[in-house]
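So in the numbering used here, spot 50 of the sequence shown is number 73, and the numbers just go up one at a time. Ideal placement from N, C-alpha and C gives every residue a C-beta, glycine not left out. For clarity, every value in this text was computed on a predicted model and none was experimentally measured. First the structure, in the form of structure tokens, and then the observations on it.
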Amino acid sequence: MLTRKDFIKKSLEYNLFFARIMKEHMIFIESGLLTIDSTLVLEGEELKESFEDILKEAINLANGAVDKAVLNSNELVTNYTLESEIITEKLTGICINKDLTKAELDLLSNSSFTFTQGLESELEKLNERAINLVKEVISYKEKILKKLLDCKLFANLYPLLIDHIMREAIYYLKALESLQRREEPVKDILDNQIFWDTIMMEHAQFVRGLLDPTEVELFNTANDLAEAFEDLIEITKKAGPKDIPKVTKMALEDTIEIRDFKQAGTEGLIDCQIQVIAYPLLADHILREANRYIRVLKSI
Ligand SMILES: [Fe+2]
Ligand SMILES: [Fe+2]
């Protein structure tokens, strides 16, 4: 049973991280669709704006209440997020609310913050709104995935990418539902690691598949990282509770490695030094997902 303080902190933490992730998924989908699918684009656009509202509200409620470790982990925003958004908006024509990013960069932690009943009920309402919205986004992603698999849609989107971002949405939904029941969102450390190790492996696979064929060195690094996570997932699947310290250490090492690769990639995309079918916000997004996983692993 979560205390009021934990409920407030975790609700803020999950919504700040995932509402941004969800709205960026909409940007990725939109940028991969063609003119013939303008109805899907409009639907995605509406969902993106709704998540920006959730994020805005979470930011308004968050000042002082979030742990320093979360703010310092670069999981909510990085030093590259704002610039990545500016470039991505220019390249894709998709509107991105940058005021939210500026407000997040200004968030502070206050160790003597008072966790009131009023704030608890505000967050309960916000979680409920987010739950309804995530359910909508899951069906939207399901619809796109089905169309892709049935060859009813051509898009510059890997089916695995849609499946991947759908799993991230389901993870967010389950976390919110647990929080509403005042339960800890992460119930099994090893299952949670298998989930995030798979996410990290797929990031490496996406990068490998989006690089220009001339980027041989980066291609090989991405391939090595994908294989490292594939091995780690196999080890973690066979692990029991007594192996947690060992597999956590391995996961931390691999994730730091992929984080550094993603960070260099984000810088390379901002500086136009890498030939790849991607824009900076995509790199910054997967960088934040690694940053979050690193904080979680360190807390174990
Ligand atoms: Fe994501
Ligand atoms: Fe991801």
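Residue span of the alpha helix (DSSP H) that contains residue i, given as start and end
i	result
T259	V239 to K261
M224	I212 to L233
I323	From DSSP, I323 is part of no alpha helix (DSSP H); its letter is neither H nor E.
R27	R27 to G55
G288	I267 to I293
Y163	Q140 to L172
A192	P182 to Q203
E98	First-last for E98: undefined, no H or E at that position.
Residues bridged to residue i [DSSP beta-bridge criterion]
i	result
G87	S132
V299	L234
Residue i at chain D interface by Cβ criterion, 9 Å
i	result
K113	Absence of chain D from the displayed structure is noted, only one protein chain being present.
Integer-rounded CB distance, given that residue j should sit under 8 Å from residue i
i	j	result
I119	I50	7 Å
E191	I44	6 Å
L94	S132	6 Å
L199	A153	6 Å
I293	I110	7 Å
T244	D220	Actually they are not in contact, since the Cβ atoms of T244 and D220 sit about 18 Å apart, beyond 8 Å.
Residue i vs residue j beta-carbon contact at 9 Å
i	j	result
M273	L248	no
E127	V100	yes
L35	A92	no
V319	V230	no
I161	L196	yes
A313	M223	yes
| Counting Cβ pairs, one atom from each stretch, are 3 or more of them under 8 Å apart for the region 51-61 and the region 176-187? | yes
| request: Inspect the CB distances between the region 138-158 and the region 196-208 and report whether three or more fall short of 8 Å. | output: yes
| request: For the region 261-275 and the region 209-218, state whether three or more C-beta atom pairs, one from each stretch, are separated by less than 8 Å. | output: yes
| query | Counting Cβ pairs closer than 8 Å, one from the region 278-290 and one from the region 61-73, do we hit at least three? | reply | no
| query | Is the region 296-311 touching the region 97-111 in the sense that three or more CB pairs, one from each, lie closer than 8 Å? | reply | yes
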